[in-house]
Amino acid sequence: MLKTNILSLLSLCGINVLTNQVQKIPHTFMSVTNYLSSFVPSLIEETHFDLASSLYGVQRAPFCEILTAVPERSRSFIPTKFFLYQISVYSTNNDTKDVGKYEPEVGDLIALTDIKPKTIEDLNRPRRYYHIAYVCGTKESTNEISILSSKYIDMEINSRSNNTPKLYAIYLLNLTTNVRVWKALNSELEGANMNMIKKVLLASSNNGEDCQLCISGENHNAACSKVQTMIQSQNLNESQKNAVLSCVSMRECHHSDTVKLIWGPPGTGKTKTVASLLFSLLKLKTRTLACAPTNTAVMEVAARLQNLVKKHDTDTYGYGDIVIFGNRSRMKVDSYWCLKDIFLDYRASNLLRCFAPLSGWKHCLQSMIMLLEDPSKQYRSYKLDIENAIMSLEQFVRQKHDDMEHGKDDNTLTIDQLTKEEYLSYKENIKNSVMTLEQYVKQKFSDIGEKLKVCMQTLYTHLPTSLIPFEEMKKIPIAIDWLTSLESSLSKAKLKQALDDHADEESIFYCLGRLTIKREECLCLLRSLLEKILLPEITDKYGIEKFCLMNARLIFCTASSSTRLFTERMTPVQFLVIDEAAQLKECESAIPLQLPGLHHAILIGDERQLPAVVKSPVTDEAGYGRSLFERLVLLGYKKHLLNTQYRMHPSISLFPNKEFYEEQLVDAPIVREMNYNRCFLEGKLYGSYSFINIAKGKEQRGRGHSSKNIVEAAVISTIIESLKEEFSRTRKKVSIGIISPYNAQVYEIQEKIKLSISVSEPGFSVSVRSVDGFQGGEEDIIIISTVRSNRDAKVGFLSNRQRANVALTRARHCLWILGNETTLENSDSIWKELVLDAKERGCFNNADEDEKLSEAIEDALLDIELLDESELPFKKLSLQDRSETFASTSRGSPYTSRGSLYTRGSSRGRGKPWKPRW
Numbered sequence: 001m002l003k004t005n006i007l008s009l010l011s012l013c014g015i016n017v018l019t020n021q022v023q024k025i026p027h028t029f030m031s032v033t034n035y036l037s038s039f040v041p042s043l044i045e046e047t048h049f050d051l052a053s054s055l056y057g058v059q060r061a062p063f064c065e066i067l068t069a070v071p072e073r074s075r076s077f078i079p080t081k082f083f084l085y086q087i088s089v090y091s092t093n094n095d096t097k098d099v100g101k102y103e104p105e106v107g108d109l110i111a112l113t114d115i116k117p118k119t120i121e122d123l124n125r126p127r128r129y130y131h132i133a134y135v136c137g138t139k140e141s142t143n144e145i146s147i148l149s150s151k152y153i154d155m156e157i158n159s160r161s162n163n164t165p166k167l168y169a170i171y172l173l174n175l176t177t178n179v180r181v182w183k184a185l186n187s188e189l190e191g192a193n194m195n196m197i198k199k200v201l202l203a204s205s206n207n208g209e210d211c212q213l214c215i216s217g218e219n220h221n222a223a224c225s226k227v228q229t230m231i232q233s234q235n236l237n238e239s240q241k242n243a244v245l246s247c248v249s250m251r252e253c254h255h256s257d258t259v260k261l262i263w264g265p266p267g268t269g270k271t272k273t274v275a276s277l278l279f280s281l282l283k284l285k286t287r288t289l290a291c292a293p294t295n296t297a298v299m300e301v302a303a304r305l306q307n308l309v310k311k312h313d314t315d316t317y318g319y320g321d322i323v324i325f326g327n328r329s330r331m332k333v334d335s336y337w338c339l340k341d342i343f344l345d346y347r348a349s350n351l352l353r354c355f356a357p358l359s360g361w362k363h364c365l366q367s368m369i370m371l372l373e374d375p376s377k378q379y380r381s382y383k384l385d386i387e388n389a390i391m392s393l394e395q396f397v398r399q400k401h402d403d404m405e406h407g408k409d410d411n412t413l414t415i416d417q418l419t420k421e422e423y424l425s426y427k428e429n430i431k432n433s434v435m436t437l438e439q440y441v442k443q444k445f446s447d448i449g450e451k452l453k454v455c456m457q458t459l460y461t462h463l464p465t466s467l468i469p470f471e472e473m474k475k476i477p478i479a480i481d482w483l484t485s486l487e488s489s490l491s492k493a494k495l496k497q498a499l500d501d502h503a504d505e506e507s508i509f510y511c512l513g514r515l516t517i518k519r520e521e522c523l524c525l526l527r528s529l530l531e532k533i534l535l536p537e538i539t540d541k542y543g544i545e546k547f548c549l550m551n552a553r554l555i556f557c558t559a560s561s562s563t564r565l566f567t568e569r570m571t572p573v574q575f576l577v578i579d580e581a582a583q584l585k586e587c588e589s590a591i592p593l594q595l596p597g598l599h600h601a602i603l604i605g606d607e608r609q610l611p612a613v614v615k616s617p618v619t620d621e622a623g624y625g626r627s628l629f630e631r632l633v634l635l636g637y638k639k640h641l642l643n644t645q646y647r648m649h650p651s652i653s654l655f656p657n658k659e660f661y662e663e664q665l666v667d668a669p670i671v672r673e674m675n676y677n678r679c680f681l682e683g684k685l686y687g688s689y690s691f692i693n694i695a696k697g698k699e700q701r702g703r704g705h706s707s708k709n710i711v712e713a714a715v716i717s718t719i720i721e722s723l724k725e726e727f728s729r730t731r732k733k734v735s736i737g738i739i740s741p742y743n744a745q746v747y748e749i750q751e752k753i754k755l756s757i758s759v760s761e762p763g764f765s766v767s768v769r770s771v772d773g774f775q776g777g778e779e780d781i782i783i784i785s786t787v788r789s790n791r792d793a794k795v796g797f798l799s800n801r802q803r804a805n806v807a808l809t810r811a812r813h814c815l816w817i818l819g820n821e822t823t824l825e826n827s828d829s830i831w832k833e834l835v836l837d838a839k840e841r842g843c844f845n846n847a848d849e850d851e852k853l854s855e856a857i858e859d860a861l862l863d864i865e866l867l868d869e870s871e872l873p874f875k876k877l878s879l880q881d882r883s884e885t886f887a888s889t890s891r892g893s894p895y896t897s898r899g900s901l902y903t904r905g906s907s908r909g910r911g912k913p914w915k916p917r918w
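Using the numbering used here, the first residue of the sequence shown is number 1, and each one after it goes up by one.
Listed below in structure tokens is the structure:
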């Protein structure tokens, strides 16, 4: 099935999809088939565009050298068009630069070529070896990688002679999400349920409203009362409480499938509300899937939920009901050490050791019971094993010497080289190393006890609560205490030397005095655990992972990763909660919405902030980036508004509240307090809210047709220097975020700051990112560089209201906006309203009125003038790289790379913004 999906998608991506084939995605749909099929042309075009963009940037792509390529025989082998191979590549630890450091992962689309291309033209030259392959799977034990190749691979690669051409794998893109969406849109998910899909096709007048039949029922009141008790200690405001209660009450409704929207504007405690909702569903034992568009968003809400669980439950019991799964490296699990206990891969590895029949839970428990029941018998067995080993050694030596005498020895073993004296000495050493009864009991108890306690703690933490009665699980901590106490007492006790090999266990423990009582109580507890805690007979990691997913009550993953829950006999999911739902393409939300057994869906987001990024202008125009959340809002779905913001100083929140949220938001008491009004630099210019006019700014073209403004970058660099000086004087911690809509300006600011401030210090942090990269973030101070400065008042995509909303709502204490008054005020955009608002409120300031900033502006203008003069003779010779021309047509690149900065030629790596910490 996987191969069929890849073949279909890639074959379609090989076609130049015409603009008129990608139709605008409608708001309502006639049928499920019409709904799902409406996204397919856009998915194909987006994949096609992404692949083409990757090929044009192939010179910057990660690569590795292929060592071997062996055909893989399979029943599903397709000899006519595609070929299955097992390849091996050089280890990433190899220091040779030419072999590369790229490690192919499942889902990667790679180019196979005999050169390391510097441009796309290198791939298209005559007699060049170049085609596409898809990574199907990897084998960690053998380092083999399965690939589905579009062409036959020259088998001479396996000979590896000096004259054999090399073969490289060049990373292009990862198709995992695309393939999952393709399967969902083509109804290929196992056991898919279309009830929720039918629910979101059309909107009716009561969509989003509470079920009137349930509201009037006794069950509803009882459920609300129970939830109120659970959340009363979580310090929720009224709007948050109402949202949680409204959503949780849905679980009592059996009249129809329901969809609810929670509207969470910036700083209104959206994540806190989601965590409280999930905690309530967890405690009510409701099987729930919580997902989000990105791994980062998933990890953030999972971390908040786990903190809530820790606050209410003092130990780790119950963690087995919560699980998070996904790609370990992409989810950066090591950065969230607190989440390891609920991460599926980590859990399965731990449980695998407990489930092992010869060394796990049952084996350790039985061994400890036998030791405590009859230590003498165990000791005799131990001595018998030693005696048998000595006898075997004697027989072996005799045989070796007999073979030597008859010339049969092959001299492969060295034991026959022992002299008689050496052999006797060796035998005596073995006898002398035999432990006494006392030593044996203590050592054996310590060894088994340590393993048993690890197993006990693992089961207590990782087993789902539905498997073992709570009364039995409560015995585990008690048993651990008993074992620890018994070991401590045993280590201090002394056995009488009169005991011989025939001493029975009663006399042994009689000599230990009060330990006899402890032993009996411990034995009673261990026998009960052996009888009541019965583990399933699963001996492979994948089986244990499925076992954990089937029995968990709360599951975290990305929306596309939820395809893993479409497996045979998987326990149905009743509730779906999608965080950051306004950033999730609707076609991706179609995956979890098809989960078997699903009856209720809750979408949390804010459609007035940035949507999902799409790269093709064609799919952007078609509305491919639109979320289900946004479409339902357009259709009139009721939204539960979180109306209290806790992030921004009131002077910062005033404009976005009026401009984007119709003044529906209120400032929380904490942001209205006097101590929230922090002053980081002296002067009116640096108040809580300030528009700083850069009248002499000069807009220029930077990398990939992106815009930059060197004057604004110089002003920001000067402000950062002043903040650093103030920090050095006061030592008060401060975090600074610098935002620009344009990546060329982000890069320019990074370089300026790097040159002006070289010493990093704890407590002083500076983060420079695009607007898209800052969505969801916040800092003490935010400095915005608007860049645009021209006579025509053109502001380009700066006029996007969603992008402006994100930029203006990231600051906690201070928001300083840099821009050209004339350009912005004449632009007939949101920025015109902002400039007028700043003037009306007395927050408008001119940068050249400040001595330091004025000097920085003049220096920057002089640098620009000198640079223009030096480049003048060469301007006619400038060439534009085709790859930059291609990238400039893409929405999101090079201007709006969500969550990262893409800088060509950067040694810092693709997709990693430079973030100095001082």
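For each residue, glycine too, the CB sits at the ideal point set by N, CA and C.
- At the C-beta level, G326 and P464 stay beyond 9 angstroms of one another.
- Looking at L866, I533, Y742 and E833, the one whose alpha-carbon comes closest to that of E659 is E833.
- Taking C-beta separations shorter than 6 angstroms and ignoring five residues to either side along the sequence, the partners of T809 in its chain run P266 and P656, following chain order.
- With a threshold of 16 other beta carbon atoms within 10 Å, I652 meets it and is buried.
- Taking the CA atoms as reference points, Y742 sits about 13 angstroms from I710.
- By the Cβ-count criterion, T33 is exposed, with fewer than 16 other Cβ atoms from all chains shown falling within 10 Å of its own Cβ.
- Spatial neighbours of E188 in its own chain (CB-CB distance under 6 angstroms, excluding positions within 5 residues in sequence) are not present.
- Under the rule that a run must span 3 or more residues, the beta strand (DSSP E) segments found entirely inside the stretch 314-378 read 322-324.
- By the C-beta density criterion, E545 is buried, having at least 16 other C-beta atoms within 10 angstroms.
- Residue burial is scored here from C-beta neighbours: F39 has at least 16 other C-beta atoms within 10 angstroms and is therefore classed as buried.
- Excluding five sequence positions before and after N242, the CB atoms of its chain that fall closer than 7 angstroms to its own CB belong to H640, given in chain order.
- The way I'd put it, the stretch 828-848 doesn't touch the stretch 661-669; fewer than three beta-carbon pairs between them come closer than 8 angstroms.
- In the three-state DSSP reduction, Y35 falls in the helix class (H, G or I).
- Note on D313: under 16 other CB atoms within 10 angstroms of its CB, so exposed under the neighbour-count rule.
- Distance between T571 and N551, taken at the CA atoms: about 7 angstroms.
- DSSP lists I170 as the bridge partner or partners of F63.
- G605 is not a Cβ neighbour of K166, given a cutoff of 9 angstroms.
- For S528, the three-state secondary structure derived from DSSP is helix.
- For C455, the secondary structure class from DSSP, reduced to helix, strand or coil, is helix.
- Counted as a single uninterrupted DSSP element, the stretch harbouring K116 is not any beta strand (DSSP E), since DSSP gives it neither H nor E.
- Cβ neighbours of T436 within its own chain (closer than 6 angstroms, five residues either side excluded): none.
- Taking C-beta atoms as the reference points, S707 and R788 count as a pair closer than 9 angstroms.
- The continuous stretches of beta strand (DSSP E) do not include C587, which lies in the alpha helix (DSSP H) extending over residues E586 to S589.
- The shortest CA-to-CA distance from D540 to any of I170, K183, I145 and N350 is the one to N350.
- Rounded to the nearest angstrom, the gap between the Cα atoms of T119 and A133 is 19 angstroms.
- For T258, the enclosing beta strand (DSSP E) has its first and last residue at T258 to W263.
- If the five residues before and after C455 are omitted, its C-beta is found closer than 6 angstroms to the C-beta atoms of C354, W361 and C364, all from its own chain and listed in chain order.
- Proximity to M230 across K283, L598, Q240 and K183 peaks at K283, based on C-alpha coordinates.
- The shortest CA-to-CA distance from M30 to any of S146, E673 and V200 is the one to V200.
- For Y134, the three-state secondary structure derived from DSSP is strand.
- Runs of the alpha helix (DSSP H) spanning 4 or more residues and lying entirely within the stretch 653-689 occur at 669-672, in chain order.
- Of H813, T484 and L236, the smallest CA-CA separation from N643 is found for L236.
- The alpha-carbon separation between I783 and M299 amounts to approximately 28 angstroms.
- A residue is called buried once 16 or more other Cβ atoms fall within 10 Å of its Cβ, and D385, having fewer, is exposed.
- Annotated three-state conformation of K383 is helix, per DSSP.
- In this structure, K852 is the residue among K839, K852 and L530 with its C-alpha nearest to the C-alpha of S717.
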